[in-house]
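Chains as they are written, first to last, in our numbering: chain W, 16 to 314; chain V, 1155 to 1520; chain R, 57 to 376. Here's the structure, in structure tokens; my notes come after.
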Ligand SMILES: Nc1ncnc2c1ncn2[C@@H]1O[C@H](COP(=O)(O)OP(=O)(O)OP(=O)(O)O)[C@@H](O)[C@H]1O
Ligand SMILES: [Mg+2]
């Protein structure tokens, strides 16, 4: 900044740099788009191929000649067959019940706990909050064998109620954890104002915290929903007969039978089973992503 | 009937911080009392103990004659306005104001009447359906006040309600608060660190420092008769000059001997008061507005001083000049028309009837 | 100069204010409400996580029929299952495969995710939402189901990937039939499923780096590589390590993909801890041995968990 002549001499340089900067930006942009298009093609390839297959007849699938990536004779037959199949309907029904009960249980447990942990300091609350996070890091495959014995001891093996009992281990720790984060971000003056306005603790939770933290509650609910819907280890271990199976294990174990696979139906089944989480994602993408990132950024 | 009495209130936070160290204060019904003091002196803590948001370590608090030490905030019949307003973000302005009444199971018609009335007083009727997010800072401030007014509580508590507003709005809202108090006439305790707010709003000002009360009194009294050096320096802007001096006996009168061999005569009216301190080192306190250019018509009780300014700050309606007197910063307030230049001798007069003397060992004003 | 005592109104104590007792009662009531509210959580944590964990350790010491402790030759009695596993070649293959799988997959996910996040961050904000929405789809589909699709694409006689390869002149690949190809397939599917998650985490972190920092670096004359090296990476270091460690836990304990894609084959060479524990414990009915297998995951998971927790605590401190 001291010598004016030097800085003046630099000026043309800066201008020419600005030109190259623009070119550089354009190249970066083109490069970004190319990368994104290629990645999107690869990332979307499996679901797209599943969709293609699901529209094919078994004969067309079995035909080894020609391009497998196009449908010559599209049919909805695979879908109709599944939708009309009482067994598949049963899978769907089981999934819905399990998910519904688990989501409600999870949200009640985690909202109550998060409220107490974030606002009513009590003996051991800090330890408990850390415990919540640690259990979130415990994977389901670590405990499914002892849980198998415990659920068996309760006589709940091969029952959706056994699944409902253990699914909260998948959902409650994370949901509690992110709800603690959301509740903690509510300014303390808000509860003080409510206290002065005459609210009791339950009123404060119902009338202030839940409405204000609604985005967080939606994110946590979506998480609980997708996790319960997609759970695989527990149903695979605990359920043996089709009438108690949820969709995931139902599609994987019951549609895949024998040596002659009905690929069209398997793919249609998998897509139908994946539809609810995808729909939720499509409509509530921002909440979904907020929930994903909240685990690490909020906590 | 809503006096507030604090008796020997002590607050020690976990970890041993003594935020309030034994406060006695009686606030009369309908009175507007302002707590001022530097940051961290325990103003908010005191207010929050009155509200019941903070437990008191020892002492007693009574509201309207009832001991409230163990009564939760909702049963103390108080309302509070927070610095960040603490409006419920998911409720409309109307619901924000109605919430407290709703929880107290007021009839719908009564709630409606009170909310509308408060909205009218505060001039926010057109905003009733909006959410707080859609309001400006000043409007939020009004809503927060509305929420307090509708409750018609025994006591209003304000914790720096204006400090999130810009300077112009602050002045406007200050007047507004005063007007509201004149209308509803509810006992009010108001916390601020802005002494102008304190002076303009208060019936009585409570100056706090380090968890104790330095002085309580009406604004004019604090200005003219500060009890301690802290109050003398805290009230008034720019703050009072403190110049080390020696009080000397001179043939029946008293004289102040300042650095640079400046000698000022103490007015005869003060002689009796200061006589016991003759011959001692004192601090000579004089406000910049009482150290002015030599234009006064009434020269009674003034003393001439000639000094060389270091810094000159024209402020428009006045000019501030700063000097160094033996290492002590001294300011004076001039008429902007007075020519002054850095380094050029400037003759001033000190209005000695406005002088203060402070005992440097006790920091008490004599 | 305190307040004048003459103004003091008479103080009538509030009804029933035995001072200390009331205060204590209030405090006790608050914490009993709090305990009541956390009880369901405690039931889940203790009954469904802590107790099964302890029970799992106990199970692993039993013999196959669960009639007594599993005898051991050179280890203390009760650790027989571990002894057998130590001496089993299959088990060591499983351990090796678990590590190869988890480490390779996590590194690839982290790199691809980072790259995708950068590319996304480079395009105009308007289009980002759309692209992000599309790229996250693999993460949204339940992995057991999407793996079915991959299984079909890897099918030995109908592989649509091989068909594409053949179009561009690459030789056919025995995806699931040969040991290393099968292992690679599992990694591919896991990377496909998990990379978008990394992308989302990194993107969120990238967005949280203040724009002024880049401007300041640009004014200081930093090239885009230097900006990445000296601004972006340090700012994101914590979130990267948290995500990587977390992913390591999840990947290491993965079950769905192996179960659907290879079910451990060919010749048990693609089993990871979880699927092997399942095979031994549930399918072959040796519950104690299965419990012992899954317990082997614990030390590695615990180490990762420790570092995740440390990272999160540090991050919280930074954000204060
Ligand atoms: N929850 C707390 N725990 C421990 N110490 C506290 C707590 N709240 C306040 N303090 C301490 O008590 C003292 C008084 O705080 P207080 O908030 O009353 O100050 P204040 O006068 O309102 O200041 P300001 O003008 O900055 O608001 C400060 O030293 C502060 O650090
Ligand atoms: Mg304060």
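In this text, a Cβ means the ideal position worked out from N, Cα and C, and glycines have one as well. Everything numeric in this text was worked out from a predicted model, so none of it was measured.
Based on the DSSP secondary-structure assignment, which residues constitute the bridge partners of residue i?
i: residue 1233(V); result: 1310(V)
i: residue 1344(V); result: 1188(V), 1312(V)
i: residue 1214(V); result: 1161(V)
i: residue 1476(V); result: 1465(V), 1485(V)
i: residue 1505(V); result: 1456(V)
i: residue 127(W); result: Residue 127(W) pairs with nothing; no bridge assigned.
i: residue 1512(V); result: 1437(V), 1519(V)
i: residue 125(R); result: 118(R)
i: residue 1446(V); result: 1503(V)
i: residue 1403(V); result: 1408(V)
i: residue 1180(V); result: 1159(V)
i: residue 1362(V); result: 1367(V)
i: residue 1382(V); result: 1518(V)
Does ligand 1 have even one heavy atom less than 6 Å from the beta-carbon of residue i?
i: residue 327(R); result: no
i: residue 1194(V); result: yes
i: residue 1171(V); result: yes
i: residue 1347(V); result: yes
i: residue 1239(V); result: no
i: residue 1167(V); result: yes
Please list, in chain order, the chain V residues whose beta carbon lies closer than 7 Å to that of residue i.
i: residue 328(W); result: Nothing about residue 328(W) can be reported from this structure: the residues present for chain W run from 16 to 314 only.
i: residue 223(W); result: 1242
i: residue 188(W); result: Under the 7 Å cutoff, chain V gives no residues; its nearest Cβ is about 27 Å from residue 188(W).
Could you name the residues of chain W that residue i contacts, counting a contact when the two beta carbons are closer than 8 Å?
i: residue 1240(V); result: 202, 204, 205, 207, 208
i: residue 1227(V); result: 207, 210, 211
i: residue 1236(V); result: 204, 207, 208
i: residue 1254(V); result: 211, 212, 213
Note down, in chain order, every chain R residue with its Cβ under 9 Å from the Cβ of residue i.
i: residue 47(W); result: 174, 175, 176, 177, 178, 179
Find the residues of chain V that neighbour residue i, judging by a C-beta separation of less than 8 Å, and give them in chain order.
i: residue 62(W); result: Those do not exist, as residue 62(W) stays about 38 Å from chain V at its closest Cβ, beyond 8 Å.
i: residue 227(W); result: 1242, 1243, 1244
Name the chain W residues whose beta carbon is nearer than 7 Å to that of residue i?
i: residue 1411(V); result: Near residue 1411(V) there are no residues of chain W at all, since even the closest Cβ is about 51 Å away, more than 7 Å.
i: residue 337(R); result: 160
i: residue 1232(V); result: 211
i: residue 346(R); result: 160
i: residue 330(R); result: 156
Residue i touches chain R at which residues, Cβ-Cβ below 7 Å?
i: residue 296(W); result: 196
i: residue 278(W); result: 208
i: residue 267(W); result: 200, 204, 316
i: residue 131(W); result: 90, 93, 94
i: residue 150(W); result: 101, 105
Is the closest heavy atom of ligand 4 to the C-beta of residue i under 6 Å?
i: residue 1465(V); result: This structure does not include ligand 4; its bound ligands are ligand 1 and ligand 2.
If the cut is a Cβ gap below 8 Å, which residues of chain R does residue i touch?
i: residue 142(W); result: The premise fails here: residue 142(W) is roughly 11 Å from chain R at the closest Cβ pair, so nothing lies under 8 Å.
Who are the neighbours of residue i on chain C, taking C-beta pairs under 9 Å?
i: residue 59(W); result: As a matter of chain content, chain C is missing from the structure shown, whose protein chains are W, V and R.
Practice prompt. Quick one: residues with CB closer than 7 Å to any heavy atom of ligand 2, in chain order, please.
Written response: Those satisfying the condition are, in chain order, 1197(V), 1198(V), 1313(V), 1314(V), 1345(V).
Discussion item. At a CB distance below 8 Å, what residues from the segment 197 to 214 of chain W approach chain V? Give them in sequence order.
Written reply: Taken in chain order, the members of the segment 197 to 214 of chain W whose beta-carbon sits within less than 8 Å of a beta-carbon on chain V are 202, 204, 205, 207, 208, 209, 210, 211, 212, 213, 214.
Worksheet item: Going along the chain, which residues of the segment 90 to 107 of chain R sit with their C-beta nearer than 7 Å to a C-beta in chain W?
Response: Per Cβ criterion, the list reads 90, 91, 93, 94, 96, 97, 100, 101, 104, 105.
Discussion item. Which residues of the segment 162 to 177 of chain W have a Cβ closer than 8 Å to any Cβ of chain R? Give them in chain order.
Written reply: Here the close residues are 162, 163, 164, 165.
Worksheet entry | Selection of the segment 1195 to 1211 of chain V by Cβ proximity to chain W, strictly under 7 Å | Of all residues in the segment 1195 to 1211 of chain V, only 1205, 1207 come within less than 7 Å of chain W when Cβ atoms are compared, listed by chain position.
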